[in-house]
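Protein chains in written order, with my numbering: chain A, 1 to 217; chain B, 1001 to 1294.
Each residue gets a CB set at the ideal place from its N, CA and C atoms; glycine is no exception.
Keep in mind it's a predicted model, so treat the numbers as computed, not measured.
First comes the structure, then the notes that go with it.
What follows is the structure, encoded as structure tokens:
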């Protein structure tokens, strides 16, 4: 899923200041699972903004809505009409973008989009994928070095690893994990293959039309 | 006269390092190099070491070359993509710089511009392969070069990395990617280094043992805590702690260590970390008195 995190309240308040009526729009897919854009979070943010605006002597009419998915046109059609003069999206960047191209009013992001990740326990997520367009997980025992190695390097641990911890100190070394998992799967030999520099053209894909086939080059 | 001559002659090679200045004044860097003239075969020139922005390693190498030293151009992958890396390597070769040391580089987060974008378009193994291509007369895109470099190509290895096995597997990759000499992370335990060399001797590469002269027990503890891959044994920390002149003890311990491992490797790389004036004292104490550079 796309993992998101709510922006600081001050930043959100500054974006919507000056509007008379703002629609808060949640997203019931990734953002809801990320505990940042579901019904509960929309209601909580709405109350917080009301209190903050009151404290600052401002009045902005705030109303809530939650869509199944902000990143698909058919789910956002219902937002075309309305008395609001701006939208505050509690969706990922894709949701904000599609809303902004559809509603004909200013759309602001209430969230920061962090990564494509997996759930790692209660309210914890792990970055797993950088959407590089050229998956190497088959060579790396399912651990993405582009994402989980701070340097995104492809041929083993750098000199910064210390007792299996990354030089940045905030994560285990992805390459130590890759090596150990390859070894435990009986395919440590895969580590010996020198992976070539990444073809970065796949990172530049900005639109994909399935009907045109998957060979985009 | 040079690192390649030392290796070619089968002589125990000696290198140290200098750091380019933060600014344009290279006088101090050249004065530091001058302290080592005649005592080392080559001088590594660090590349925005520890991700701290400094004068470019290539410019610093040119200054040293002009002053009669044999510089080792350290090249990290942190700050430049594959185009910039290749053009700097060609530029270095055009100035007659013949030694390169390929490194991945510390992350920008640990340096003085932590919010910069880290590049890592290549890493050390891929950089070595690109250097091999350039030396063969083509660039990384397969385009032919008009005039190609001839480099003595080095890399680094951490003999006491924890865990060790992935580090050794990467070492093998660096060898197959074309590294012909290695400078190691600092090592303090001779037995551990000898074990590493037993493994390393399966490859036909030159290995220079890395040393950092300890000046106090506090410095040793700091390195154990903060420098990945360095393990200063308690016996050394105790010796420094109980010494009335820890710096002299540090020099003596370093000299003894070099003496103990010199028959097992091809040279020593002395990282002075701001105390270059101690390098020749270490060399004297270790009996490494042959004049080398210039």
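Beta carbon proximity, residue i to chain B, threshold 7 Å
| i | result |
| --- | --- |
| residue 75 of chain A | no |
| residue 137 of chain A | no |
| residue 142 of chain A | no |
| residue 108 of chain A | no |
| residue 146 of chain A | no |
| residue 158 of chain A | yes |
| residue 151 of chain A | yes |
| residue 115 of chain A | no |
| residue 182 of chain A | no |
| residue 167 of chain A | yes |
| residue 155 of chain A | yes |
| residue 130 of chain A | no |
Cα-Cα separation between residue i and residue j, rounded to whole angstroms
| i | j | result |
| --- | --- | --- |
| residue 1255 of chain B | residue 1285 of chain B | 6 Å |
| residue 1297 of chain B | residue 1206 of chain B | One cannot answer for residue 1297 of chain B here, as it falls past the ends of chain B, which runs 1001 to 1294. |
| residue 1215 of chain B | residue 1020 of chain B | 23 Å |
| residue 1226 of chain B | residue 152 of chain A | 22 Å |
| residue 1235 of chain B | residue 1188 of chain B | 10 Å |
| residue 1113 of chain B | residue 84 of chain A | 43 Å |
| residue 73 of chain A | residue 146 of chain A | 31 Å |
| residue 1129 of chain B | residue 1248 of chain B | 43 Å |
| residue 1052 of chain B | residue 1028 of chain B | 18 Å |
| residue 200 of chain A | residue 1132 of chain B | 22 Å |
| residue 1233 of chain B | residue 166 of chain A | 23 Å |
| residue 1024 of chain B | residue 1274 of chain B | 19 Å |
| residue 138 of chain A | residue 186 of chain A | 14 Å |
| residue 98 of chain A | residue 1161 of chain B | 48 Å |
| residue 161 of chain A | residue 114 of chain A | 24 Å |
| residue 1074 of chain B | residue 1097 of chain B | 11 Å |
| residue 1264 of chain B | residue 1229 of chain B | 20 Å |
| residue 184 of chain A | residue 1146 of chain B | 48 Å |
| residue 86 of chain A | residue 42 of chain A | 15 Å |
| residue 175 of chain A | residue 55 of chain A | 50 Å |
| residue 88 of chain A | residue 51 of chain A | 17 Å |
| residue 1239 of chain B | residue 1211 of chain B | 17 Å |
Three-way DSSP call (helix, strand, coil) for residue i in this model
| i | result |
| --- | --- |
| residue 1286 of chain B | coil |
| residue 32 of chain A | helix |
| residue 153 of chain A | coil |
| residue 1146 of chain B | coil |
| residue 2 of chain A | strand |
| residue 1004 of chain B | helix |
| residue 58 of chain A | coil |
| residue 64 of chain A | strand |
| residue 1125 of chain B | helix |
| residue 204 of chain A | helix |
| residue 1202 of chain B | coil |
| residue 1294 of chain B | Because residue 1294 of chain B sits at a pLDDT of 39, beneath the cut-off of 50, its placement in the model cannot be relied upon, and the following sentence gives the value as read from the coordinates. If DSSP states are grouped into helix, strand and coil, residue 1294 of chain B belongs with coil. |
| residue 128 of chain A | strand |
| residue 168 of chain A | coil |
| residue 1071 of chain B | strand |
| residue 1024 of chain B | coil |
Cβ of residue i within 7 Å of any chain A Cβ
| i | result |
| --- | --- |
| residue 1162 of chain B | yes |
| residue 1109 of chain B | yes |
| residue 1102 of chain B | no |
| residue 1126 of chain B | yes |
| residue 1120 of chain B | yes |
| residue 1158 of chain B | yes |
| residue 1204 of chain B | no |
| residue 1114 of chain B | no |
| residue 1022 of chain B | no |
| residue 1169 of chain B | yes |
| residue 1233 of chain B | no |
| residue 1123 of chain B | yes |
| residue 1173 of chain B | yes |
Top-ranked residue by Cα proximity to residue i, from the options
| i | options | result |
| --- | --- | --- |
| residue 45 of chain A | A:111, A:205, A:135 | A:111 |
| residue 155 of chain A | A:13, A:87, A:196 | A:196 |
| residue 1267 of chain B | B:1203, B:1184, B:1237, B:1244 | B:1184 |
| residue 1076 of chain B | B:1243, B:1149, B:1050, B:1095 | B:1050 |
| residue 1107 of chain B | B:1048, B:1160, B:1140, B:1099 | B:1048 |
| residue 90 of chain A | A:9, A:27, A:162, A:115 | A:27 |
| residue 1008 of chain B | B:1060, B:1056, B:1181 | B:1181 |
| residue 92 of chain A | A:192, A:67, A:140 | A:67 |
| residue 119 of chain A | A:31, A:193, A:198, A:106 | A:31 |
| residue 1 of chain A | A:64, A:106, A:70, A:116 | A:116 |
**Request:** Specify whether the segment 120 to 129 of chain A and the segment 1062 to 1082 of chain B touch according to this definition: at least 3 beta carbon pairs, one from each stretch, less than 8 Å apart.
**Result:** no
**Message:** For the structure I just gave you, are there three or more beta carbon pairs, one from the segment 170 to 188 of chain A and one from the segment 1154 to 1167 of chain B, closer than 8 Å?
**Reply:** yes
**Sufficient close CB pairs (3 or more, under 8 Å) joining the segment 1090 to 1108 of chain B to the segment 1141 to 1158 of chain B** = yes
**Prompt:** Would you say the segment 14 to 26 of chain A touches the segment 55 to 64 of chain A, given that touching needs at least three Cβ pairs under 8 Å?
**Reply:** yes
**Request:** Assess, as a yes-or-no matter, whether the segment 1034 to 1041 of chain B is touched by the segment 1003 to 1017 of chain B under the definition of 3 or more beta carbon pairs within less than 8 Å.
**Result:** yes
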